[in-house]
Amino acid sequence: MNPQANLIFIISLMLGTTITISSNHWIMAWTGLEINTLAILPLISKSHHPRAIEAATKYFLTQAAASALVLFSSMTNAWHTGQWDITQLTHPTSSLILTSAIAMKLGLVPFHFWFPEVLQGSPLTTGLLLSTIMKLPPIALLYMTSPSLNPTMLTTLAILSTALGGWMGLNQTQIRKILAFSSISHLGWMAIIIVYNPKLTLLNFYLYAMMTATIFLTLNTIKVLKLSTLMTAWTKIPSLNAMLLLTLLSLAGLPPLTGFLPKWLIIQELTKQDMAPAATLISLLSLLSLFFYLRLAYCTTITLPPHTTNHMKQWRTNKPTNIMIAILTTMSVMLLPISPMILTIV
């Protein structure tokens, strides 16, 4: 793709995200969401592969439907209350429609079908944008409307997302699809706590985005898309592979790594809200996703393919690892000890 065009699309993405996050009026928020959708489409379909075109079409259709629902819910609220302010979403029907629209934008169950397909059809760098930056505006809208959302509906969506995200990722061999189901599972953790402690949702999102960015950038550096190629990629940059193992375990939420922090705080907050059964259920369901993270980690560092056919050993690349990956990897693994400081900032 032309570098100038690429730059325009990236700037449009940042602009759309900024407009949505900083707006008070529903129409401005909707405009930001639309700019985002239109800016990411060329980045998804830039390879001209039929799968990429299919992914862009699916993405456009689902996001257009979700944006229409956002507009519909805000208009219904304005009709009943006379308010266009995002924080004044008080009408229950509008609240339900908005929750469905945001669930569709984020890829929460039962509106999750598009996300693995779109991620599988996109390049790794675009997949990184889809999994992190594109999730920020909808989460910001949920954050702003959190006092008027329906807790029962969100808890149901969250538990279903964690269950399906873990369960459907078990049988995958394509790494982008595994990361898509991992994203759905993490969104379940964010959705369950948004009504009770919205700041925890934001903290969870920031840490999730950081760990996912690390994994996507690492995979992009070693040029790996499938589990079978991941098994033979350890010779390229062994130190980076070792850190990828730790980042995957951090994303799974194992102590003493960074990913344990949001899970720990969310379980604590749910227990305070007398939701111990929900906390127990969501913790048990996250064991499903732990299985495929362990599978990825196993393929990354521990094993060679269990077959006798010869395979080419990759040449070790001498190019230095990106400083960005080094910083993100360190943060993805080592932030748990400074969690008191993180909590005071949040």
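Under full-length UniProt numbering, think of the first position of the sequence shown as 1, with each following residue one higher.
Don't be surprised by glycine CBs; every beta carbon is placed ideally from N, CA and C.
{"Check": "For L221, which residues from the same chain have a beta carbon less than 8 Å from its beta carbon, with the 5 sequence-adjacent residues on both sides left out?", "Outcome": "For clarity, residue 221 is Thr in the given sequence; the question names Leu instead. Here the set comprises I237, L240, T321, N322 and I325."}
{"Check": "Might you give, ordered along the chain, the residues of its own chain that have their beta carbon closer than 7 Å to the beta carbon of P256, omitting 5 neighbours on each side?", "Outcome": "L336"}
{"Check": "With DSSP collapsed to three states, give me the class of K226.", "Outcome": "strand"}
{"Check": "In three-state DSSP terms, what is Q174?", "Outcome": "strand"}
{"Check": "Tell whether a beta-carbon distance below 8 Å holds between T126 and T247.", "Outcome": "no"}
{"Check": "Determine, using beta-carbon pairs with one atom in the region 117 to 125 and one in the region 185 to 200, whether at least three such pairs fall under 8 Å.", "Outcome": "no"}
{"Check": "Pull up the DSSP beta-bridge partners for D274, would you.", "Outcome": "Partner(s): none; D274 has no beta bridge."}
{"Check": "Please classify R51 as buried or exposed, where buried requires at least 16 other C-beta atoms within 10 Å of its C-beta.", "Outcome": "exposed"}
{"Check": "State whether the region 161 to 179 contacts the region 134 to 150, with contact taken as three or more CB pairs (one from each stretch) at a distance under 8 Å.", "Outcome": "no"}
{"Check": "Got a sec? Which residues, its chain only, sit under 7 Å from A29 by beta carbon, not counting five neighbours each side?", "Outcome": "T20, S23, I86 and L141"}
{"Check": "Spatial neighbours of T62 within its chain, please: CB distance less than 7 Å, with the 5 preceding and 5 following residues excluded, ordered by chain position.", "Outcome": "M104 and W114"}
{"Check": "Along the chain, where does the alpha helix (DSSP H) containing K105 start, and where does it finish?", "Outcome": "P92 to L106"}
{"Check": "Within the same chain, show all residues whose beta-carbon is closer than 8 Å to that of F60, passing over the 5 residues directly before and after it, in chain order.", "Outcome": "T37 and L41"}
{"Check": "For the 8 Å Cβ check, are there 3 or more pairs between the region 192 to 199 and the region 258 to 277?", "Outcome": "yes"}
{"Check": "Counting only beta-carbon atoms, is I133 nearer than 8 Å to chain C?", "Outcome": "The structure shown contains no chain C; it is built from a single protein chain."}
{"Check": "For the alpha helix (DSSP H) that contains K58, what are its first and last residues?", "Outcome": "P50 to T81"}
{"Check": "Once the 5 residues before and after E54 are set aside, which same chain residues still bring their CB inside 8 Å of it?", "Outcome": "E117 and G121"}
{"Check": "Under a three-way DSSP split, which group does H112 fall into?", "Outcome": "coil"}
{"Check": "Between the Cα of S73 and those of L149, L106 and H48, spot the shortest distance and give me the residue it belongs to.", "Outcome": "L149"}
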